[in-house]
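First the structure, in the form of structure tokens, and then the observations on it.
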Amino acid sequence: MPSDNKKEISFTSEIRVRFTETDPLGIVWHGNYIQYFEDGREAFGREHGISYLEQKANGYTSPIVKSSCEHKLPLRYGDVATIKTTFIDSPAAKMIFQYRIFDPKGRLVCLGETIQVFLNEKGELSLTKPEFFAKWKEKMGL
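Numbering of the sequence shown is given in our numbering, commencing with residue 863 and proceeding in unit increments.
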């Protein structure tokens, strides 16, 4: 979690739980929460100018190398859930996102984190921050 002296950059989006995302009991199958993280991350990227398409236009991709997911309460078919996606600043050439998913009553149902690295067009790992990412962080006040 970002400390009090750091700027928090986040975005809140919503998803509606579809029938196909639930198990026979009508609750969201646990594997779908990772997809909800991606939904939140893509919404964050579009809002803050660091989308996958913008990364690609700059010659990079950013695959996930680590993900974690902690379940607290279930979501059910038809629920409209809120996803809060927060960028966690790091001096390294990577992107860290934290996620908080809330049910329609505002209760925390899931929390998680993903870590992404940068690969150039040749598929090589970037050990330094790509120029577009460094400029984005500067623009965001990081």
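C-beta: ideal position from N, C-alpha, C; glycine also.
{"Asked": "Check whether the Cβ atoms of L973 and E932 sit closer than 8 Å, and answer yes or no.", "Found": "yes"}
{"Asked": "Are three or more beta carbon pairs between the stretch 940-955 and the stretch 873-884 nearer than 8 Å?", "Found": "yes"}
{"Asked": "Among residues of its own chain, excluding the 5 on either side of N982, which ones have a beta-carbon nearer than 7 Å to its beta-carbon?", "Found": "G921, Y922 and S988"}
{"Asked": "In the DSSP assignment, find the beta strand (DSSP E) that holds E932 and state where it starts and stops.", "Found": "I926 to H933"}
{"Asked": "When you compare only the Cα positions, how much space is there between V927 and I896?", "Found": "13 Å"}
{"Asked": "In three-state terms, what does DSSP make of L915?", "Found": "helix"}
{"Asked": "Under a CB-based cut-off of 8 Å, is T944 close to chain B?", "Found": "This model lacks chain B altogether; it includes just one protein chain."}
{"Asked": "In chain order, what residues of the same chain have a beta carbon less than 6 Å from the beta carbon of D951, not counting five sequence neighbours either side?", "Found": "L1004"}
{"Asked": "Our contact map puts R878 next to V942 with C-beta atoms below 8 Å; I'd like the distance itself, whole angstroms only.", "Found": "5 Å"}
{"Asked": "Going by DSSP in three states, E986 sits in which element: helix, strand or coil?", "Found": "coil"}
{"Asked": "Where does A996 fall in DSSP's three states?", "Found": "helix"}
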